[in-house]
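Worksheet: one structure, shown below.
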Amino acid sequence: MLLNEYGEDGQILAGGQSLMPTLNMRLSNPQLLIDINHLHELNSITLDDNIVRIGALARHSELALSPIIDMYLPLIADAIPHVAHIAVRNRGTFGGSVALADPAAELPACVLALGGTVVLQSVKGIRKVKADDYFLGLYETERKPNELLIEVQIPVQDLTGLWAFVELSQRKGDYAIAGLAFIGTSEKQFIKTAKLVYFGSEIKPTLAKKTMAILINTRWDDNTRKLIAETLGRDLDPMTNLQGSAKMKLHLQKVLTNRAIDLALKREKPSR
Amino acid sequence: MSEETSEIKLTVNGDLITKIVNVRQHLVDFLRLELGLTGSHLGCEHGICGACSVWVDGLVVRGCLMLAVQADGGDVTTIEGLTETGEIADLQKNFVDRNALQCGFCTPGMLMTLAELLRKSELSSREEIREHISGNYCRCTGYHAIVDAVETTISDRLGDS
Ligand SMILES: Cc1cc2nc3c(=O)[nH]c(=O)nc-3n(C[C@H](O)[C@H](O)[C@H](O)COP(=O)(O)OP(=O)(O)OC[C@H]3O[C@@H](n4cnc5c(N)ncnc54)[C@H](O)[C@@H]3O)c2cc1C
Ligand code: FES
Ligand code: FES
């Protein structure tokens, strides 16, 4: 396989919506571009035994139109409109986004929040990496240069549970300044479990474990809100960049956390 | 190393074309320099401004973020081809009537993007129209007149049908 032969000098070209700008600006010059757009077996979205399998080449706009995503992964359905603009969504791929692992990207955060598994293939065979072990650092993942990301497998969402996707960006479709994906369960407005994944502010999609621990079996009242605002700073370590200072981003993430949980609790199904 | 040029066969505005292209040339350079179709503009060349918007296989894409060789076997439509079909003649007239362009640099990209919205032939709110062109920059009009022109086009079309 070409990827094996060229290693880091060969680059996979998927939607090109992140790679092509760097080529046009002469910011990267791989010896070889390997266009995978003809691998049509990689663009399907299927439901298989309570697992949604998203092929690496599924375009963002295909996810937006997919009844499977709409029905079984509403978190992702809510995230997609935040990913870029229509013409970029028509080309950009799910696999490209997860392979690149841009810290401000929406989809890697969703994959982590939903407990997805990344499927990688090389000449040596296939291996599966859990999202928890996949995102390592700034644009750094567990994928080796000779591996092709072929699919992401995501268990269907607990449809009796809660979810919310919120983000702030300068303009609609821009990369996020701050944002989070929330997944949880509740009973009579009492939070039972909570998973919080932050993006935009951090170097990689980040689980806020201390804050999540506070939310287990709690009422969502002023006291909890206060506790969370105090704890979040110990979970997050925002980057200062052109989008804003670390301090501002931490503040925004606190505001967004409140919005996300408010929104999620509105989705609680009435108990029988 | 791999070869520097490659032969491609594609449909551009309905005509079947065979050309030898430089493998690193992007689609809009190919359309402008090789085919003389200068309606597609180049602003930023890195995906931000939308001036280069064209259709490939019926969907609007950034012409600057696709290589010409990737269009091999594909069906490309530019503003020249779309204008010829008359599909958006009403939108174009409303652009002129409402002064929805000044320098006109963004206009072909705007129209290619908006044509995709109009194909849905359903009512769109002003916010939905703005959302749809959120990836197309206009440095002159402030967008308001563009949204007006689209709104008029949609309501006229729905009124007529
Ligand atoms: C104006 C603009 C705004 C944008 N806004 C957003 C936004 O708000 N949020 C967001 O998330 N993204 C945004 N994007 C990026 C877009 O979503 C990209 O499509 C996505 O990040 C990368 O997907 P791609 O298919 O285009 O990948 P490419 O650009 O083709 O590739 C990106 C990188 O991943 C590697 N790669 C791609 N596919 C694979 C694979 N299957 N296996 C192994 N490696 C692979 C490539 O070698 C390359 O290094 C924006 C892009 C533009 C131009
Ligand atoms: S020239 Fe392609 S987006 Fe600006
Ligand atoms: S009319 Fe000048 S950029 Fe839009």
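Sequences listed follow chains Z and X, in order.
With my numbering, letter number 105 in the first sequence gets 102, and the count goes up by one each step, no holes.
Just add 793 to the spot in the second sequence (first one is 1) and you have my numbering.
In this text, a Cβ means the ideal position worked out from N, Cα and C, and glycines have one as well.
Since we're looking at a predicted model, the values are computed, not measured.
Any beta carbon of chain X sitting closer than 8 Å to that of residue i?
i	result
Z:Val271	Given that chain Z is displayed from residue -2 to residue 269, the structure contains no residue 271 of chain Z and the question cannot be resolved.
Z:Lys206	no
Z:Asp6	no
Z:Met245	no
Z:Asn238	no
Z:Lys201	no
Z:Asp32	yes
Z:Ala76	no
Z:Ala102	no
Z:His79	no
Z:Arg88	yes
Z:His82	yes
Please report whether the beta-carbon of residue i lies at a distance below 8 Å from any beta-carbon of chain Z.
i	result
X:Leu858	yes
X:His937	no
X:Glu924	yes
X:Arg855	yes
X:Gly774	Any question about residue 774 of chain X goes unanswered here, given that chain X covers just 794 to 954.
X:His834	no
X:Arg891	no
X:Ser846	yes
X:Thr934	no
X:Met794	Because X:Met794 carries a pLDDT of 46, less than 50, the predicted location of this residue cannot be relied on, and the following value inherits that uncertainty. Output row for X:Met794: interface = yes.
X:Gly829	no
X:Glu944	no
X:Gly843	yes
X:Leu852	yes
X:Glu797	no
X:Glu838	yes
X:Ile801	no
With DSSP collapsed to three states, give me the class of residue i.
i	result
Z:Asp129	helix
Z:Ser119	strand
Z:Gly181	strand
X:Ser948	helix
X:Ile801	strand
Z:Arg222	helix
Z:Glu144	coil
Z:Val153	coil
Z:Ile48	strand
Z:Lys192	strand
Z:Leu262	helix
X:Arg919	helix
Z:Ile211	helix
Z:Thr19	helix
X:Lys913	coil
X:Val960	Chain X is shown from 794 up to 954; residue 960 of chain X falls before or after that span and cannot be answered.
X:Gln885	helix
X:Asn929	coil
X:Thr878	helix
Z:Phe187	strand
Z:Gln167	coil
Given a cut-off of 8 Å, decide if residue j and residue i are closer than it, judged by their beta-carbon atoms.
i	j	result
Z:Gln14	Z:Leu30	no
X:Cys845	X:Leu835	yes
Z:Gly113	Z:Ala128	yes
Z:Leu72	Z:Trp217	no
Z:Ala53	Z:Ala11	yes
Z:Ile211	Z:Met236	no
Z:Val50	Z:Glu148	The sequence as given places Arg at residue 50 of chain Z; Val does not occur at that position. Yes, the pair counts as a contact, with Cβ atoms nearer than the cut-off.
Z:Arg256	X:Ser927	no
X:Val853	Z:Ala61	no
X:Glu877	X:Asn806	yes
X:Ala908	X:Ala942	no
X:Thr871	X:Gly832	yes
Checklist entry - Using a Cβ cut-off of 9 Å, which residues of the segment 894 to 914 of chain X contact any Cβ in chain Z, in chain order? => result Gly902, Met905, Thr906, Glu909 and Leu910
Checklist entry - When a residue counts only if its C-beta is closer than 5 Å to some heavy atom of ligand 3, which residues count, in chain order? => result X:Leu894, X:Gln895, X:Cys896, X:Phe898, X:Cys899, X:Cys931, X:Arg932 and X:Cys933
Next on the checklist: Short of 8 Å Cβ to Cβ, which residues in the segment 36 to 63 of chain Z face chain X?
Outcome noted: Ser58
Item to check | Residues surrounding ligand 2 [beta-carbon distance to nearest heavy atom under 6 Å] | outcome: X:Leu835, X:Gly836, X:Cys837, X:Glu838, X:Gly840, X:Ile841, X:Cys842, X:Gly843, X:Ala844, X:Cys845, X:Arg855 and X:Cys857
Next on the checklist: Which residues of the segment 211 to 225 of chain Z have a Cβ closer than 9 Å to any Cβ of chain X? Give them in chain order.
Outcome noted: none
Checklist entry - Residues in the segment 859 to 885 of chain X with C-beta within 7 Å of chain Z's C-beta atoms, listed in sequence order? => result Met859 and Gln863
Checklist entry - Of the residues that make up the segment 8 to 26 of chain Z, which ones have a beta carbon closer than 7 Å to any beta carbon in chain X? => result Gly13, Gln14, Met17, Pro18, Asn21 and Met22
Item to check | Residues of the segment 155 to 169 of chain Z whose Cβ lies closer than 8 Å to any Cβ of chain X, in chain order | outcome: Arg168 and Lys169
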